[in-house]
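Residues in the sequence shown are numbered from 1 upward in steps of one, following our numbering.
Using N, Cα and C, we set each Cβ at its ideal position, and we do this for glycine too.
Data first, discussion second: the structure below is written as structure tokens.
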Amino acid sequence: MLSHEETMALIALAQQGDENASTTLLTENAPLLKSIIKRYLGKHIEYDDLYQIASIGLLKSIKNFSYEHNVRFSTYAVPMILGEIKRYMRDDGYLKVSRSLKSLSSKITRYVDEQLKNGADNPTVEEIAEHFNLEPTEVVFAMDATKLPISLYEKANDSDGKQTELIEHLPTDEDKKMIDKVILKDMLRQLSPREQKIVILRYFRDMTQGEIAIKMGVSQVQISRLENKILKKLKDLYTEN
């Protein structure tokens with residue numbers, strides 16, 4: 001297991017063209033890649049192909065990572081790996097987009113561009129639907145079907161004109177839950193086996209400190225101290241940058 005400092009040092013070397021550093025990062029992050037691609041097994045894509053695409057996403061993360069992102073590398077890498085897999089599935093036909101839908105999407109894009117060039121406001125979904133004699137849901141589906149995934153850390157303007165990262169505006173959906181789970185697994189891997197056991201018993205099996213103490217043959221006070229130490233360690237891991 002690489003420490004945060006070792007990871008940062010390898011990323012710096014990899015960004016300078018050191019292939020050995022890139023290979024080491026790929027090897028050390030293999031568990032992260034495997035945990036992500038499990039979600040896409042059974043979708044008519046070979047495991048080896050998924051792993052290769054996920055590896056490409058990781059390499060792109062290594063290339064683009066910066067301290068300015070103010071997040072752990074794994075936190076930054078997960079959405080980029082997800083995006084690479086989704087892009088592959090879409091471009092290679094695993095996510096089917098019909099020609100008629102692509103054509104409609106192009107027409108909508110041209111219509112919106114023309115409106116903006118003529119000085120009009122960005123048309124709403126309802127206005128686009130009325131222009132093309134469609135249902136609003138059909139417009140949304142057509143516009144979304146041909147979009148490529150973007151990084152959750154891409155900058156966007158909020159209502160106050162301030163630039164924030166897209167991840168800050170995400171609702172609690174399945175992708176965000178998955179990202180949280182992957183990040184949590186990555187942090188748990190950095191705990192000792194004993195610490196991992198306490199976390200699992202306490203927070204995944206809802207056991208009390210007293211029950212854990214009996215199971216592990218120690219006092220409740222020791223478990224309390226260990227739990228506080230573990231929580232601080234996890235907090236430090238999460239806030240590292």
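Within 7 Å: the Cβ of residue i and any heavy atom of the ligand ATP?
i	result
S106	As for the ligand ATP, it is missing from this structure, which has no ligand bound.
Once you ignore the five residues that flank residue i on each side, which residues in its own chain have a CB closer than 6 Å to its CB?
i	result
L191	none
L2	E28
E195	I230
S224	Q209
T75	I183
Kindly indicate which three-state DSSP category residue i falls into: helix, strand or coil?
i	result
N64	helix
D18	coil
L188	helix
M207	coil
E46	coil
N29	coil
S35	helix
L2	coil
S219	coil
R72	coil
L41	coil
K233	helix
A77	helix
Who are the near neighbours of residue i in its chain, counting only those whose CB is closer than 8 Å to its CB and skipping five residues on each side?
i	result
L59	S22, L26
Y40	L50, I85, M89
P123	Y111, V112, Q115, H131
E46	none
A54	L33, I36, I37, I81, E84, I85
K215	L201, M207
Identify the continuous alpha helix (DSSP H) that holds residue i and give its terminal residues.
i	result
I200	That residue, I200, is in no alpha helix (DSSP H); it is neither H nor E in DSSP.
Beta-carbon within less than 7 Å of residue i's beta-carbon, same chain only, minus the 5 sequence neighbours each way: which residues are those?
i	result
K185	S35
M80	G57, K60, S61, S151
L237	M187, Q190
T24	L10
R202	I212, E227
Q220	Q209, G210, A213
A142	L101, L104, S105, I108
P136	V125, E126, A129
Quiz item: Where in the stretch 83 to 140 do unbroken runs of the beta strand (DSSP E), each at least 3 residues long, occur, reported from the N-terminal end onward?
Solution: Secondary structure in the stretch 83 to 140: no beta strand (DSSP E) run of 3 residues or longer lies completely within the stretch.
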